[in-house]
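The block underneath contains the structure these notes are about, expressed in structure tokens.
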Amino acid sequence: MLNSLSKNITNVTPAEEDYRPQAKGCSRESRLMEQQEKIPVPLYTEVNRDVFLRDIYPKRRPAVLKGVSLGPCLDKWTVQYLGQKGGDKEVKIHVSTVPQMDFLHKNFVYKTLPFNEFVKRASETKHSDFFLSEDESYYLRSLGEDVRKDPADLSKQFPDLAEDFHLPHFFESDQFFSSVFRISSCGLQLWTHYDVMDNLLAQVTGRKRVVLYSPQDALHLYLSGDKSEVLDIDAPSLEQFPDFVKAKRYECVLEPGDLLFIPALWFHNTLALQFGIGVNVFWRHLPADSYDKKDPYGNKDPVAAARALQVLERALHALDELPADYRDFYGRRMIQRIQNRTYCDSLRTKTQQDSDTVLPSRPTTKPG
Numbered sequence: 001m002l003n004s005l006s007k008n009i010t011n012v013t014p015a016e017e018d019y020r021p022q023a024k025g026c027s028r029e030s031r032l033m034e035q036q037e038k039i040p041v042p043l044y045t046e047v048n049r050d051v052f053l054r055d056i057y058p059k060r061r062p063a064v065l066k067g068v069s070l071g072p073c074l075d076k077w078t079v080q081y082l083g084q085k086g087g088d089k090e091v092k093i094h095v096s097t098v099p100q101m102d103f104l105h106k107n108f109v110y111k112t113l114p115f116n117e118f119v120k121r122a123s124e125t126k127h128s129d130f131f132l133s134e135d136e137s138y139y140l141r142s143l144g145e146d147v148r149k150d151p152a153d154l155s156k157q158f159p160d161l162a163e164d165f166h167l168p169h170f171f172e173s174d175q176f177f178s179s180v181f182r183i184s185s186c187g188l189q190l191w192t193h194y195d196v197m198d199n200l201l202a203q204v205t206g207r208k209r210v211v212l213y214s215p216q217d218a219l220h221l222y223l224s225g226d227k228s229e230v231l232d233i234d235a236p237s238l239e240q241f242p243d244f245v246k247a248k249r250y251e252c253v254l255e256p257g258d259l260l261f262i263p264a265l266w267f268h269n270t271l272a273l274q275f276g277i278g279v280n281v282f283w284r285h286l287p288a289d290s291y292d293k294k295d296p297y298g299n300k301d302p303v304a305a306a307r308a309l310q311v312l313e314r315a316l317h318a319l320d321e322l323p324a325d326y327r328d329f330y331g332r333r334m335i336q337r338i339q340n341r342t343y344c345d346s347l348r349t350k351t352q353q354d355s356d357t358v359l360p361s362r363p364t365t366k367p368g
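Just so we're aligned: 23 in the UniProt record's numbering is position 23 of the sequence shown, and the numbers increase by one with no gaps anywhere.
Structure below.
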């Protein structure tokens with residue numbers, strides 16, 4: 001039986017609240033940001049494969065799955081245990097002196113540490129040994145054996161730890177693409193981006209805030225490739241990014257043991273409210289030949305999309321041969337044809353339904 005729950009996402013303990021970004025005064029920008037639509041991600045309990053495929057997956061909306069068995073990792077994965085099992089295997093990590101990591105402008109450095117030393121440092125707030133500063137933050141995104149061609153796979157990079165982690169079989173085994181081991185210092189926030197594959201984020205230890213944005217709001221996110229240029233999503237510069245306030249904000253806080261379903265193309269931004277450990281599992285929901293075979297990270301645009309964007313660039317170069325008024329005329333006609341051929345009314349309707357739904361502030365239970 002399925003229980004669909006809604007929870008007030010602002011209820012956190014005082015100790016953890018310190019790590020949430022704070023609004024910057026009563027400025028005009030903060031008042032405008034208060035008008036941004038905020039929608040809690042729905043919570044589901046008692047989810048098995050059949051329930052997931054029937055009631056959750058077809059909606060193509062983020063969902064938090066609570067109470068799904070992830071194996072003994074929930075009890076075993078302490079700092080000491082991870083250090084023992086992972087040993088002195090060297091790992092490449094991100095090191096940052098600021099809480100908001102910016103991939104576009106690289107406000108962090110890459111370093112290498114033995115895994116057990118990395119886990120120890122990531123769990124600390126002050127460090128006796130450090131690269132840049134005693135309060136620097138650490139982030140691990142595991143990589144394949146050959147980073148140029150091999151996707152990350154927990155069972156290959158950390159086989160002893162993989163034995164503790166059990167992911168429900170919500171997809172076929174031949175659809176599996178990667179399982180990414182993630183460890184983050186408390187307070188570290190990752191940039192907003194999208195992936196082209198469906199994935200499940202399993203939060204094993206620690207609490208994590210996740211903010212998501214619909215693919216239909218892509219034009220409000222100021223994209224550079226697959227990443228948003230808006231680094232501070234809680235207090236952005238609306239002079240620089242005026243349309244960002246139009247993007248609907250879907251939000252949840254993951255507790256240990258929670259699974260978050262992130263459909264392909266949904267933008268997401270994570271903030272570690274505590275030192276945390278998680279595993280992302282990605283799978284191919286499109287035919288295998290839809291994806292770039294030379295992409296070990298699984299974040300390159302599908303082959304057909306990349307080809308279409310290349311054709312568009314050639315079309316725009318052709319229009320450059322015309323005077324400005326002709327470019328404007330034919331550009332508008334091209335935009336209209338693209339909209340008529342590609343825009344999906346049903347997706348826009350679903351997004352509007354999300355906005356119109358009033359969710360209660362306390363958990364409720366519905367009969368399944």
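Every residue gets a Cβ at the ideal spot worked out from N, C-alpha and C, and that includes glycine.
Check: Ala272 (DSSP reduced to helix, strand or coil); Outcome: strand
Check: Where Asn199 falls, given that 16 or more other Cβ within 10 Å makes a residue buried; Outcome: buried
Check: Cβ distance (whole Å) where Asn280 is taken to contact Val180 below 8 angstroms; Outcome: 4 angstroms
Check: Phe103 CB to nearest heavy atom of the ligand FMN below 6 angstroms; Outcome: The ligand FMN is not part of the structure shown, which contains no ligands of any sort.
Check: Collapsed DSSP secondary structure at Gln240 in the structure displayed; Outcome: coil
Check: Complete runs of the alpha helix (DSSP H) confined to the segment 36-118 [at least 4 residues]; Outcome: 73-76, 79-86
Check: Unbroken stretches of the alpha helix (DSSP H), 4 residues or longer, contained in the segment 124-158; Outcome: 154-157
Check: Gln189 versus Ala162: straight-line alpha-carbon distance, rounded; Outcome: 26 angstroms
Check: Rounded distance between the beta-carbons of Met101 and Trp191, thought under 8 angstroms; Outcome: 6 angstroms
Check: Residue range of the unbroken alpha helix (DSSP H) whose run includes Leu309; Outcome: 303-319
Check: At least three beta-carbon pairs within less than 8 angstroms, the segment 61-76 to the segment 127-134; Outcome: no
Check: Rounded Cβ spacing between Leu74 and Gly257 (contact assumed at less than 8 angstroms); Outcome: 5 angstroms
Check: Distance CB(Gly206)-CB(Gln274) smaller than 7 angstroms; Outcome: yes
Check: Where Asp234 sits in the DSSP three-state scheme; Outcome: coil
Check: Beta strand (DSSP E) segment containing Asp198, residue limits; Outcome: 198-205
Check: Straight-line Cα distance separating Arg314 from Ala308; Outcome: 10 angstroms
Check: Limits of the beta strand (DSSP E) - the one that Tyr213 falls within; Outcome: 208-213
Check: Element boundaries [beta strand (DSSP E), containing Glu251]; Outcome: 249-254
Check: Separation of Leu113 from Leu265, as counted between CA atoms; Outcome: 33 angstroms
Check: Three-state class that DSSP yields for Lys227 in the structure shown; Outcome: strand
Check: Terminal residues of the beta strand (DSSP E) in which Phe261 lies; Outcome: 259-262
Check: Presumed contact (8 angstroms Cβ cut-off) between Phe329 and Asp195, rounded CB distance; Outcome: Rounded, the Cβ-Cβ distance is 37 angstroms, inconsistent with contact.
Check: Burial state of His268 (16 or more Cβ within 10 Å); Outcome: buried
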